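Worksheet: the structure to be examined is printed underneath.
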Amino acid sequence: MFRIFKFDTVDSTNEIAKSYSPGSVIVAHCQTEGKGRFERKWKSPLGGLWFSIVIRPEKEAYLYNFAAGLAVLESLEEMNIAAGLKWPNDVYAKDRKICGILSKAIGHSRLIIGIGINVNNKINKAERKAISIIEIKGEKVDSEQLLLTILSKFEQIIKNDKDLIKRYKEKCYLLGKKIRIRTQQGVISGLAKDIDEYGRLIVEENGKIIIVDEGDATTSKQP
Ligand code: BTN
């Protein structure tokens, strides 16, 4: 069970979440300093769903990240939106990003999972790589209901995590594709072969197996 705390405008729900206890969910209408992966800015205007879940981690952090991505994907599928996961936890629809996830550990006792979903916000034409639910459905959707659906799925997925990796792999569209992935060690180009039991991406580059635990991947074909 989660306790939901709603805000109008905040800098970042991930920042606010730092002062809340496990089981809290911080949701805001707008963020003025939304944060993305790799220190990127995350645009967070009115109409999107911007929230952070505070967790007391009892399992490996990547399992919570994967569960969050799957919960968003399954919630979209319930709305008849076909979506796919881009490792580690972006959600794509129609070849464009609809959701990003940024998680941060606070010591050993708390994990913050920040989830940003383009819901009723229109995407600027210049941002060709992003899409929102309203653009796909052609009508407004109920963000509050979507939040509740995601939280309930997230809770169930993490409770029954035996087949989490298998379910995640089924939805991860990078697998079996040629990818380019930017890592801190440099760019890797090769075949995305698998995801291991620690949530790492296995890539084959020129016959050599590389295990990637963080990065930003691109492929020519996304769902
Ligand atoms: C990414 O794809 O780069 C991750 C984006 C994560 C955005 C969400 S919105 C809610 C939470 N608060 C933030 O500042 N960031 C995350």
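For any residue, its number in the working numbering is found by taking its place in the sequence shown, counting from 1, and adding 818.
Just so it is clear, CB atoms sit at the ideal spot from N, CA and C, and this is done for glycine as well.
As the structure is a prediction and not an experimental result, all values here were calculated from the model.
Around the beta carbon of Ala-846, 16 or more other beta carbons lie within 10 angstroms, which makes this residue buried. Taking non-hydrogen atoms of the ligand BTN into account, the C-beta of Thr-1036 is found less than 8 Å away from none of them. In its chain, beyond the 5 residues on either side, Val-937, Asn-938 and Asn-939 have a beta carbon closer than 7 Å to the beta carbon of Gly-865.
Its chain contains Ile-997 and Arg-998 as the residues whose beta carbon lies nearer than 7 Å to that of Thr-1036, once the 5 sequence neighbours on both sides are disregarded; these appear in chain order. At the C-beta level, Gly-1025 and Arg-1000 stay beyond 9 Å of one another.
Taking the CA atoms as reference points, Gly-994 sits about 13 Å from Glu-1023. The DSSP assignment places 867-873 and 902-904 as complete runs of the beta strand (DSSP E) inside the stretch 855-908, in order along the chain (cut-off: 3 residues). By the C-beta density criterion, Val-872 is buried, having at least 16 other C-beta atoms within 10 angstroms.
The beta carbon of Leu-920 sits closer than 8 Å to at least one heavy atom of the ligand BTN. For Lys-824, the Cβ stays outside the 8 Å cut-off from all heavy atoms of the ligand BTN. Sixteen is the threshold: when 16 or more other Cβ atoms of the shown chains lie within 10 Å of the Cβ of Asp-908, as they do, the residue is buried.
With 16 or more neighbouring CB atoms inside 10 Å of its own CB, Ser-950 falls in the buried class. Of all C-beta pairs linking the stretch 848-860 to the stretch 942-961, fewer than three are shorter than 8 Å, placing the two stretches out of contact.
Annotation for Lys-984: no beta strand (DSSP E) segment contains it, though the alpha helix (DSSP H) segment containing it runs 982-989.
Taking all protein chains in view, the Cβ of Ile-1027 is surrounded by fewer than 16 other Cβ atoms within 10 Å, so the residue is classified as exposed. Leu-993 sits in coil when the DSSP states are folded into three classes, being neither helix nor strand.
With respect to Arg-928, Arg-874 sits close: the two C-beta atoms are nearer than 9 Å. The three-state secondary structure of Gln-1002, taken from DSSP, is coil. DSSP, read as helix, strand or coil, puts Thr-1036 in strand.
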